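Residue numbers (the numbering used here), protein chains in the order written: chain A, 1 to 621; chain B, 1001 to 1621.
Below: the structure, in structure tokens.
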């Protein structure tokens, strides 16, 4: 059973998250003239009301990223609108910024305006001007709908600050807060319409659930625990009471108490093998100096950067079920397969979180020990609330970072800023989305291009009651078959909502993401029934389902931490943190401790702020 | 054989032209969202990245200026794109400024996207957002393709200077250089994407060729010779060694040495007639006071402004072949027919270049004595390079010149400038392209509307060897049949390239310009074979052909010098140079000496700068 920590009771109750920073206002004004036939579906006139940048899109059709086209017309229209939404988001615009929509419909039947419902869903309250053009066909024979938009993004006046921070995730926000405390003028430019990056707490069951980062601890994650205290957040100890369930592929055993490896006689050899391999991991892990894993490492460690994690595990002569268990670990921790990363990268990643066993643990000192009632985005909102008013601009993707003369010019979708220094806090692989002038050093760009973000999805399934607990299960399950690799109990008892979070990660996620939304849901619910079914009566009537596919996020493109293949750590162990002139780099993947975790993000932000303060002779000694 | 002048050897070698001033940067950013199906042919999102003016075009169809429509679909698409390019150029934009293209295709067949190749040719490296709309028909039955564009032109911040110079041809640049030398802040606004106006040296055969002004001399063209020395340009004496060829219409004689009028017995009467008429021209010419040809002229001269040159020549009782020779002269010198200009205008034009015989001469002191190895655009680039950095804006056609309060406000496509004075250096007939406020005096506008620019084309035909020289010809030919009136040897022996430049001018040009590009080329090559054929073995395998039609140039609309019909010089001899308030006028047609030549342009620029300095009390006395 989950329960609040005793000391959590001492905090002043903070039942809700701090509010989101305000979205930038739109400068598009729409209206209807007097004495004209009006429509509830569009307005007649749209105009800009101040300095604006203009956005135009190509005609968007209902084609999926893989080139397929839904055969159902409404689904096709929906896909076209999804694509249009992506175009707007890329530009830093949203639907309120749309001035005009033109849409082309093949075989239009005015008695059956089937585009209308999806379109109104897309527009929400906003009514831009529109033109509907019936056409005999479109550019491809299967396409029946095409839509294009003109939008306008209001422009702030140019501003001169000391430091521009690109990205308002935990690392960027922590850096900004530290810099402001040191007396510097800071501007934080965030591409999304919210703060938090990979911390994102979305509404569910009258409260929130974490579709991104979810766990901290109160010992070796000192920064996160301090923030939890600072923002008076309510903490929930992760439920480990009761049995876990593992599917057949991980061994013939099926269920046993959390943290134990009880097995019947026929599984004994498998268990011995797992324990042996784990011990090798842990021992090797603990030899690593996380400040320079390759440079200061032994010959063995250096060699381990030249092979994949999978190749190394196989070279240890382990049995199939041990490999399966390790595969689940790699997927759940990084969203990749053991073959996708170097052995040393994986071990260093574990060591950064205290070691292989600790990072995987849901217990005291472990990586998944405490959750946050108010959601982990509260950390980001809390930091954002500490910034001076006006320091933060949402929906401001940065286009260009130009180092000119003695400073840096940062061009964003909503304005241009001059600064002495810039801190870039976006995921390494997204550096390519920004035009750097002069270009970033080629080693930096090579690294950014070569790292790989995990395929990481969550499906959070809410139930009326915690039926698994009532039948003796803690909610942790493991499967190497998928689609999900792991489930965990993510209930917030205090709010009376009960959920299992299913992690669809690595190779199984790559297949699962191609399914339709309904099929994705069915696949997960079927697996819940399959894995719990032999031991418990499964509640097959979830009350709510929340899905998050991090691959689809324009400004994340994956989760939780870019992964390095063989040889890359050897090449890039210093490159990842190296400033480029007046541009500095932070982000959880640049941390020494707790890479890929919130703790790593915050620590990297502190490091970035210190770098800047040192160069500006403002460091507190 | 052409050869460098002896003193040219003393110059420091400058084998290449100074570089072109940089084009303005585009502020259109195009991109693709993450997780969307992309195409190599377009981008999904285009946005502006700073203050911009917006440009939209009408749907452009493949209709030629004469109203005809190519029957070949691809040719029709090509013509539509040519028209679209003209629209952009008029606006001061180029293809890099295009955000969005929408195109409409009749009977679109997605298996045969025949629009694609011409479109990609038009776009170069740029990929705007696009929408393709298949339609059952367009506004005219024969039209199968229509395309419209949205573009954005970045806007400079307003600036206050002492003088704005409109146009970066030789006259404007000379004025700007003189004004900056006197300590004034000057902004030069050029509509084209290059400097030089009618000096334009384009790449050919690994070097350059002059498609515009090509000749200077080192005696009575003192300004041009000084500039050639200042920029260490290599000079080439025009080849006059060997025979010229004339076709039957100019007399029955066919070929004779350059500068002689040798003829066989049957031609004697014709030659006598030509000599008689020439002498009358020269004598009348020399009576003219070029500072006020009408006002200070004799009654005869005043009368000569009331009849056309053709009428006057006919009144002298000359024979047909003399009229033909004079027609060739008028065409080659001004791109018009003898009937298109007043007799006095033509004589004054000749007197400005030393007289009829001198202006036509390719020898020492003549109008066509020396060419420039690096191309004549080197003069313009050299002057531009003398300007303070940032003084010159390309692709900045001027829209409005408003005299308000104590100054002038100049609105260009890329920004607005406040100045004390403005110097307009564009061709007189192009004044109508600018909105003057208050309007220019009606006499000025009447003059601008009534002058006529010549139909002036060059086709420069390159050969592997100078085959004409090897067979005893200097390369000069004359024909009243056309399409070309004159050819000249324009080889640059030092660079190993050999060319004949064919001048297609006057009435024959008006017909020739209507042909397709292939037919234009064929017509010229056929004529070369026809005129040289009876005397020499013609090389029928040119290695390169460069064509220039000055009529098609948005910012020239003809060449070389606006021509006045009967009565206009009487009305406008002072008007052409008269300032309008704080607006001054320069340009080769406003020169007293060497009107229509580079020398006249530079001298008019000096005069314009002096006018401004006088009014601002900054003249050096």
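Yeah, the Cβ is synthetic: ideal placement off N, Cα and C, and Gly gets one too.
Computed from a predicted model, the values in this text were never measured in an experiment.
- Query: Comparing alpha-carbon positions, which option in 1101/B, 1111/B, 1513/B and 1602/B lies nearest residue 1199/B?
  - Reply: Position 199 of the second chain holds residue 1199/B. Selected option, being the one with the closest Cα: 1602/B.
- Item | Neighbour list for residue 1046/B in chain A, Cβ cutoff strictly below 9 Å | Counting from 1 along the second chain, the entry for residue 1046/B is found at position 46. Residues of chain A passing the Cβ test: 54, 55, 56, 57, 58 and 91.
- Query: Excluding the five sequence neighbours on either side, which residues of its own chain have a C-beta within less than 7 Å of the C-beta of residue 1612/B, listed in chain order?
  - Reply: Stepping through the second chain from its first residue, residue 1612/B is reached at position 612. Contacts found: 1163, 1179, 1421, 1423 and 1584.
- Reference residue 1078/B, options 1517/B, 1579/B, 1350/B and 1596/B, closest by Cα: The residue given as residue 1078/B occupies position 78 in the second chain. Nearest C-alpha to residue 1078/B: 1517/B.
- Exposed or buried, which one is residue 1529/B when buried takes at least 16 other CB atoms within 10 Å? Counting from 1 along the second chain, the entry for residue 1529/B is found at position 529. Classification of residue 1529/B: exposed, given that the 10 Å Cβ count is below 16.
- Item | Reduced DSSP secondary structure (H/G/I, E/B, other) of residue 1012/B | Mapped onto the second chain, residue 1012/B falls at position 12. With a pLDDT of 37 at residue 1012/B, under the threshold of 50, the modelled position of this residue cannot be trusted; read the value that follows with caution. In this structure, residue 1012/B counts as coil in the three-state DSSP scheme.
- Item | Buried versus exposed call for residue 52/A [16 or more other C-beta atoms within 10 Å across all chains shown] | On the first chain, position 52 is the one that residue 52/A refers to. Buried, since its Cβ has 16 or more Cβ neighbours within 10 Å.
- Using a C-beta to C-beta distance shorter than 7 Å, which residues of chain B count as neighbours of residue 65/A? Locating residue 65/A in the first chain gives position 65, where the first residue counts as 1. Going along chain B in sequence order, the residues near residue 65/A (Cβ under 7 Å) are 1035, 1036 and 1037.
- Message: Among the candidates 1559/B, 1495/B and 1389/B, whose CA atom is the shortest distance from the CA of residue 1454/B?
- Response: Locating residue 1454/B in the second chain gives position 454, counting from the first residue. Ranking 1559/B, 1495/B and 1389/B by Cα distance to residue 1454/B puts 1559/B first.
- Query: Residues of chain B with a CB under 7 Å from the CB of residue 527/A: which are they?
  - Reply: Stepping through the first chain from its first residue, residue 527/A is reached at position 527. In chain order: nothing, as chain B lies at least about 25 Å away.
- Query: The alpha helix (DSSP H) spanning residue 1272/B covers which residue range?
  - Reply: Here residue 1272/B refers to the residue found at position 272 when the second chain is read from its first residue. Per DSSP, residue 1272/B belongs to the alpha helix (DSSP H) from 1268-1286.
- Message: Can you check whether the C-beta of residue 1050/B is within less than 8 Å of a C-beta belonging to chain A?
- Response: Taking the first residue of the second chain as 1, we reach residue 1050/B at position 50. By this cut-off, residue 1050/B is an interface position.
- What are the start and end residues of the alpha helix (DSSP H) that includes residue 1349/B? One-based indexing of the second chain puts residue 1349/B at position 349. Element bounds for residue 1349/B: 1343-1352.
- Task: Decide if residue 1238/B is buried, meaning its Cβ has at least 16 other Cβ atoms within 10 Å, or exposed.
- Result: On the second chain, residue 1238/B is found 238 positions in, with the first residue counted as 1. By the neighbour-count rule (16 or more Cβ atoms within 10 Å), residue 1238/B is buried.
- Leaving out five residues on either side along the sequence, give the residues of the same chain with a beta carbon under 8 Å from the beta carbon of residue 1568/B. Position 568 of the second chain, counting from 1, holds the residue named residue 1568/B. Excluding residues within five positions, the ones whose Cβ falls inside 8 Å are 1305, 1342, 1345, 1447, 1450 and 1451.
- Task: Would you kindly report the start and end of the unbroken beta strand (DSSP E) that includes residue 1416/B?
- Result: Working through the second chain from its first residue, we reach residue 1416/B at position 416. From DSSP, the beta strand (DSSP E) with residue 1416/B extends over 1415-1419.
- Query: With a CB to CB cut of under 6 Å and the five nearest residues on each side skipped, what residues in its chain are close to residue 1402/B?
  - Reply: Locating residue 1402/B in the second chain gives position 402, counting from the first residue. Closer than 6 Å at the Cβ level, and outside the excluded window around residue 1402/B, lie 1409 and 1437.
- Message: Less than 8 Å between the C-beta atoms of residue 1028/B and residue 1097/B, yes or no?
- Response: Along the second chain, one-based indexing puts residue 1028/B at 28. Along the second chain, one-based indexing puts residue 1097/B at 97. For residue 1028/B and residue 1097/B, yes; Cβs fall inside 8 Å.
- Message: Along the chain, where does the beta strand (DSSP E) containing residue 140/A start, and where does it finish?
- Response: Numbered from 1 along the first chain, position 140 holds the residue referred to as residue 140/A. No beta strand (DSSP E) holds residue 140/A; DSSP gives it neither H nor E.
- Message: So for residue 643/A, helix, strand or coil by DSSP?
- Response: Examination of residue 643/A is not possible in this model, given that chain A is present from 1 through 621 alone.
- Item | Own chain, CB closer than 8 Å to residue 43/A, minus 5 neighbours either side, in chain order | Locating residue 43/A in the first chain gives position 43, where the first residue counts as 1. 30, 31, 32, 127, 128 and 129, listed in sequence order.
- Since residue 524/A is in the beta strand (DSSP E), which residue starts that stretch and which ends it? Locating residue 524/A in the first chain gives position 524, counting from the first residue. Careful: residue 524/A lies outside any beta strand (DSSP E), inside the alpha helix (DSSP H) at 517-532.
- Cα-Cα separation between residue 364/A and residue 143/A, rounded to whole angstroms: Reading the first chain from its first residue, position 364 is the one you call residue 364/A. Reading the first chain from its first residue, position 143 is the one you call residue 143/A. Distance between the alpha carbons of residue 364/A and residue 143/A: 55 Å.
- Inter-stretch contact (C-beta, 8 Å, three-pair minimum) for the stretch 1495-1512 of chain B and the stretch 1569-1582 of chain B: no
- Query: residue 1356/B by DSSP, collapsed to three states: which one?
  - Reply: In the second chain, the residue the question calls residue 1356/B occupies position 356. Correct three-state label for residue 1356/B: helix.
- Is the Cβ of residue 554/A closer than 8 Å to any Cβ of chain B? Taking the first residue of the first chain as 1, we reach residue 554/A at position 554. Chain B, which has a Cβ nearer than 8 Å to the Cβ of residue 554/A, makes this yes.
- Item | Nearest to residue 1504/B (by Cα), restricted to the options 1532/B, 1328/B and 1374/B | In the second chain, the residue the question calls residue 1504/B occupies position 504. The shortest C-alpha separation from residue 1504/B is found at 1328/B.
- Do three or more CB pairs link the stretch 1456-1475 of chain B to the stretch 1518-1526 of chain B at distances below 8 Å? yes
- Cβ-based contacts, 9 Å cut-off: residues of the stretch 1109-1120 of chain B near chain A: 1110 and 1113
- residue 104/A versus chain B: which residues are under 7 Å apart at the beta carbon? On the first chain, residue 104/A is found 104 positions in, with the first residue counted as 1. By Cβ distance, chain B contributes 1133.
- Message: As an exercise, report each continuous beta strand (DSSP E) stretch of at least 3 residues that is fully enclosed by the stretch 1139-1225 of chain B, in chain order.
- Response: 1145-1154, 1163-1166, 1186-1189, 1201-1204 and 1207-1210
- Within 8 Å (strictly less), CB to CB, does residue 1568/B reach chain A? In the second chain, the residue the question calls residue 1568/B occupies position 568. Not closer than 8 Å to any Cβ of chain A, the Cβ of residue 1568/B fails to qualify, so no.
- Task: Check the C-beta distance from residue 1234/B over to residue 1225/B and give it rounded, since I have them as a contact under 8 Å.
- Result: Taking the first residue of the second chain as 1, we reach residue 1234/B at position 234. Taking the first residue of the second chain as 1, we reach residue 1225/B at position 225. Their Cβ separation, rounded to whole angstroms, is 13 Å, which puts residue 1234/B and residue 1225/B out of contact at 8 Å.
- Query: In angstroms, rounded to a whole number, what distance separates the CA positions of residue 1091/B and residue 1397/B?
  - Reply: Translated into the one-based positions of the second chain, residue 1091/B becomes position 91. Translated into the one-based positions of the second chain, residue 1397/B becomes position 397. Roughly 7 Å between the two C-alpha positions.
- Buried or exposed: where does residue 1489/B fall if 16 or more other Cβ atoms within 10 Å of its Cβ makes it buried? By one-based count along the second chain, residue 1489/B stands at place 489. So residue 1489/B counts as buried.
- Task: Check the Cβ of residue 1043/B against every Cβ in chain A and list those closer than 9 Å, keeping chain order.
- Result: On the second chain, residue 1043/B is found 43 positions in, with the first residue counted as 1. Result: 58.
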